[in-house]
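Read the structure below first, then the notes.
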Amino acid sequence: MTASTTIAPARWPAWRGSVALRVVQSIGLSFVITDLLILIAGKNPLAAYEQIVLGAFGSWARIVVGLNKAAPYMLAGIGVALCFRGNVANMGAEGQIAIGGLAASIFALTCAGALGAATLPFAMLAGALGGVVWAAIAAVIHLARGVHEVLVTLMMNFIAWLVVAEILHGPLGEIDAGFPQTPMFERVAWLPKLIARSDLHIGILIAVLAAIAAHIVLWQTVTGFRWRLAGASDKASHYAGGSRARSVFSLMAVSGVLSGAAGAIEVLGVHYRLIEGFSLGFGFNAIAIALLATLKPLWVIPAALFFAFLETGALSMQRQIGIPSSLVLVIQGLSLIFVLCAVGRGARKV
Amino acid sequence: MSPALLEMRGISKSYGPVHANIGIDLTVEAGSIVGLLGENGSGKSTLMKILFGMVQPDQGAIVFKNKELAPGSPRDALRAGIGMIHQHFTLVNGMTVAENVMLALGEAGFWLDRKGVAARITELSRGYGLGLDPESTVEDLPLGMRQRVEIVKALMREADLLVLDEPTSILSPPEVEGLIGVMRKLKGNGRAIIFITHKLGEVLSVCDEVVVLRDGKVSGRTPVAGATREGLAHMMVGRTLAEPPRRAARAPGRERLVARDLSANDAAGLPRLQQSSFALRGGEILALAGIDGNGQAELCDTLAGLTPALSGSITLDGVDVTAWTSSALLAAGLAYIPADRSGTSLVQAMSIADNLALRDIARPPFSHYGWLDRKGARGLVDARTREFDVRMAGSDAAIGTLSGGNQQKVVLAREIGRDPGVLIAFQPTWGLDPGATRFVIDTILALRDRGGAVLYISSELEEVLSVGDRIGVISEGRIVGVTDRADVDMVKLGLLMAGHHANIPAAA
Chain A
-3 MTASTTIAPA
7 RWPAWRGSVA
17 LRVVQSIGLS
27 FVITDLLILI
37 AGKNPLAAYE
47 QIVLGAFGSW
57 ARIVVGLNKA
67 APYMLAGIGV
77 ALCFRGNVAN
87 MGAEGQIAIG
97 GLAASIFALT
107 CAGALGAATL
117 PFAMLAGALG
127 GVVWAAIAAV
137 IHLARGVHEV
147 LVTLMMNFIA
157 WLVVAEILHG
167 PLGEIDAGFP
177 QTPMFERVAW
187 LPKLIARSDL
197 HIGILIAVLA
207 AIAAHIVLWQ
217 TVTGFRWRLA
227 GASDKASHYA
237 GGSRARSVFS
247 LMAVSGVLSG
257 AAGAIEVLGV
267 HYRLIEGFSL
277 GFGFNAIAIA
287 LLATLKPLWV
297 IPAALFFAFL
307 ETGALSMQRQ
317 IGIPSSLVLV
327 IQGLSLIFVL
337 CAVGRGARKV
Chain B
93 MSPALLEMRG
103 ISKSYGPVHA
113 NIGIDLTVEA
123 GSIVGLLGEN
133 GSGKSTLMKI
143 LFGMVQPDQG
153 AIVFKNKELA
163 PGSPRDALRA
173 GIGMIHQHFT
183 LVNGMTVAEN
193 VMLALGEAGF
203 WLDRKGVAAR
213 ITELSRGYGL
223 GLDPESTVED
233 LPLGMRQRVE
243 IVKALMREAD
253 LLVLDEPTSI
263 LSPPEVEGLI
273 GVMRKLKGNG
283 RAIIFITHKL
293 GEVLSVCDEV
303 VVLRDGKVSG
313 RTPVAGATRE
323 GLAHMMVGRT
333 LAEPPRRAAR
343 APGRERLVAR
353 DLSANDAAGL
363 PRLQQSSFAL
373 RGGEILALAG
383 IDGNGQAELC
393 DTLAGLTPAL
403 SGSITLDGVD
413 VTAWTSSALL
423 AAGLAYIPAD
433 RSGTSLVQAM
443 SIADNLALRD
453 IARPPFSHYG
463 WLDRKGARGL
473 VDARTREFDV
483 RMAGSDAAIG
493 TLSGGNQQKV
503 VLAREIGRDP
513 GVLIAFQPTW
523 GLDPGATRFV
533 IDTILALRDR
543 GGAVLYISSE
553 LEEVLSVGDR
563 IGVISEGRIV
573 GVTDRADVDM
583 VKLGLLMAGH
593 HANIPAAA
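Chains A and B supply the protein sequences, listed in that same order. Read in the numbering used here, the first sequence has 197 at position 201, and its numbers run on one by one without any break. Basically the numbering used here = 1-based index in the second sequence + 92.
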């Protein structure tokens, strides 16, 4: 009721420097705090980081694991970043990835014989379409019934997990496998390797190209302009001839394509089969990555690499010196919080 | 001479390179009304925010009742007895008057004293002629009464100094009279008032002294006795305001925009526009006066294709366009300047160039086949900003860096630069200083002289009278009393605005 209700962040010292510098400082700060936690646990932080670095970059094979891990993160992260920019709070990448993987698997298992070499592109397409369908259901519920998009997309994730589990325990499950998974796909459905005789598949290339394409669409096309406008002001967007329905549908469709493709890449490029929980947490990581990248499609590339390499390094650290790999979650979480604080509201150009 | 109630001495405040206040002195005696005049951006609001502790001054001291106030502490200012009545009310609509007052009292303790507060409100209301019922719900009250709730809140806090920030901008003429009466009674009781306004007539009728700010400095102070409108205007803008706008004499052309029995609801589904009709010809301005919230927004949005009409029809150049989208109407030559600059007609975080392209982005030269063409649009952006005299560092700067007047020039450059056949202008001078207001009106008059048809809607009666070829009133969702400007009857107009149109048939 009085003026004291006004929050005045201006009295705090402003965090200076470019956004990029602030992001790097934030990540550095999160490591400093993690050091303290490691010290409290009675271990040597330097040794821990050495193991993380070795685990992530110690050999070519390890780098490949990280790059393959980064690809789905990147794809889904781009979709989330675009949605957030257009003021669509899409929490549904997780479910879209799962359904995308499922659709690609069904296609790879059932049509490989008939299609031959064309199986792979069609399986990828099926994955993308699966993601779109899943995203479209959420968009329709949001627009037709006015349910908040956070709720709808979040709930659709749980349904997606259960759908995948149900199918693996039922019709598509491999008999006598002892684990809910499908039989292995035929080789025609495998994602080709980027470098011969390594495990590095072309997913990372697709993801980087997608980031560049998203950047171009966002800044160089009328569609991107309308998305940015929808994100900046609902009323101005309406005045300029746009509609909420159009921006929600188009953005959710883009997120569906990218997340669905991420799921397809994971099953067709890494496992060559659908496994229960194959993408657990990918979609939620994608949200964190999009925010860490301050919603810039190109910045999603380093943000996704950071998350992926941190995770592969952490597993090795746990094996070698017994510090739990969940420490990495602390680093991820802290760096995200610091970045959000450092960048703040309004620092973003529309 | 008794010491003054309030003394602000040598107040200075800079925001980066912008000097909002430069060494301002302001003295207010108990039992006096001081008018604070100035264009937008002259430093009035910064000075008042400093007085109220919402902004910390770089230099200067505030002495209130012989005690220095701690800078930057609204709590201190409140406790000392300074009451601020903001332009935008801080009331909870679903609560009663008494409950709202209790909220403001803050330190009332744990138990609510409904009866005591209600009795005190009734007493104050009677004493000052406010006519407030403590048990009525705020959302049922007209804006003028809500303002009085704010005044009671300040009085209950025992405020000796009341700051009224443009209190008359939302009131109808009779309500303004009422407020001025209340102000005189407050003054008679020994309370002091700082009255912030744009309107010279009100200053002359109620104030004892006027302080005029220009560019962050006091450009003049004078007792009201002996002051003239022209003199005050000169102090405000540093030049004498020109004669009323001149217009070419021309016979109105054919009918361009015609509405028949148009009805529409607001976003909450309440009927706001009820069976309104009018016919607008080329080369004329139909100006509608009216208090805010009488269906103006719904009329404009419906005509512009942003809200669907419930019933009735709209024709544009003889074609039924009732169901057309805003984009189709735009392409057919209908331009629209909405009232809200901060989030509807402009996007603050976008660049000046992007804001110029806002509604035309899908057309050349702004884009080709879906691809933006910033280079190709550069020529048009430069030409438009030059033609409409937008003062800026460059068209890539965010629009939020411009003053309100220059922001509105960008809107004009976009909507009028298209050379539309029909323009709907809703409060196009809202919040602008006299210089920018003049620019907006001259630009719109020039469009009319070129043969454009203009529907001009404003709650500023003076402006409606000076702009319109035909004048009407929008009241309770209906367009009433439309006449030629030569036949305007001020008394009738005032009555219509205040809602007394029971016996007057809807005119067109």
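Each residue gets a CB set at the ideal place from its N, CA and C atoms; glycine is no exception.
query                                                                                                                               : result
Within chain A, the residues that B:P149 reaches when beta carbons sit closer than 9 Å                                              : By Cβ distance, chain A contributes nothing, its closest Cβ being about 14 Å from B:P149, past 9 Å.
Endpoints, beta strand (DSSP E) assigned at B:V155                                                                                  : 151 to 156
Three-state secondary structure (DSSP) of B:H111                                                                                    : strand
Sequence ranges, alpha helix (DSSP H) only - wholly within the stretch 371 to 398 of chain B, length at least 4                     : 388 to 395
Cβ distance (whole Å) where B:L143 is taken to contact B:I174 below 8 Å                                                             : 7 Å
Rounded Cβ spacing between A:A300 and A:A94 (contact assumed at less than 8 Å)                                                      : About 18 Å; that fails the 8 Å criterion.
Length of the line joining the Cα atoms of B:S434 and B:E554                                                                        : 25 Å
Coarse secondary structure for A:G227, derived from DSSP in three states                                                            : helix
CB contact below 8 Å: B:W463 versus chain A                                                                                         : yes
Min CB distance B:A441 to chain A below 8 Å                                                                                         : yes
Inter-stretch contact (C-beta, 8 Å, three-pair minimum) for the stretch 102 to 114 of chain B and the stretch 136 to 150 of chain B : yes
Beta carbon of B:A427 nearer than 8 Å to that of B:P526                                                                             : no
Short CB-CB distance (under 8 Å) between B:P457 and chain A                                                                         : no
A:N83 versus A:A226 - alpha carbon distance                                                                                         : 7 Å
Nearest to B:A112 (by Cα), restricted to the options B:I125, B:S134, B:V126, B:L98                                                  : B:S134
Cross-chain neighbours of A:V218 in chain B, by beta carbon under 7 Å                                                               : I453, A454, S459, G462, L464
Delimiting residues of the beta strand (DSSP E) encompassing B:L354                                                                 : 347 to 357
A:C79, buried or exposed, once every other Cβ within 10 Å from all chains shown has been counted against 16                         : buried
Cβ shell of A:E307 (< 7 Å), same chain only, five flanking positions each side left out                                             : K65, V324
Element boundaries [alpha helix (DSSP H), containing A:P320]                                                                        : A:P320 -> no alpha helix (DSSP H), and no H or E assigned at all.
Best match in A:A43, A:A131, A:L196 for proximity to A:G62 [C-alpha to C-alpha]                                                     : A:L196
Under the three-state DSSP convention, the category A:K292 falls into                                                               : coil
C-alpha gap between B:G573 and B:G385, whole angstroms                                                                              : 18 Å
B:M582 burial status per 10 Å Cβ neighbour count (16 or more: buried)                                                               : exposed
When A:L147, A:G169, A:Q92, A:G318 are compared against A:A352, the one with the closest alpha-carbon                               : Residue 352 of chain A lies beyond the range of chain A shown here (-3 to 346); nothing can be said about it.
Distance between B:L587 and B:T332 (C-alpha atoms, nearest Å)                                                                       : Confidence is the limiting factor: at B:T332 the pLDDT is only 48, short of 50, which leaves the residue's position unreliable, though a coordinate-based value still follows. Their Cα atoms are separated by approximately 33 Å.
Sub-8 Å separation of A:P68 and A:S229 beta-carbons                                                                                 : no
Inter-residue spacing [alpha-carbon to alpha-carbon] between B:D225 and B:V189                                                      : 7 Å
DSSP-derived helix/strand/coil call for B:R542                                                                                      : coil
Alpha-carbon spacing of B:L398 relative to B:L504, whole angstroms                                                                  : 19 Å
C-beta atoms of B:L547 and B:R506 nearer than 8 Å                                                                                   : no
Under 7 Å by beta carbon: chain A residues contacting B:P430                                                                        : Y235
Spatial distance of B:V580 from B:I563 (CA atoms)                                                                                   : 7 Å
Which listed residue (B:G471, B:L118, B:K277, B:V502) has its alpha carbon closest to that of B:L305                                : B:L118
Neighbour flag for A:K292 against chain B, beta carbons, 8 Å                                                                        : no
Secondary structure of B:T332, DSSP reduced to three states                                                                         : Annotation note: pLDDT 48 at B:T332 (below 50); position unreliable, no value reported.
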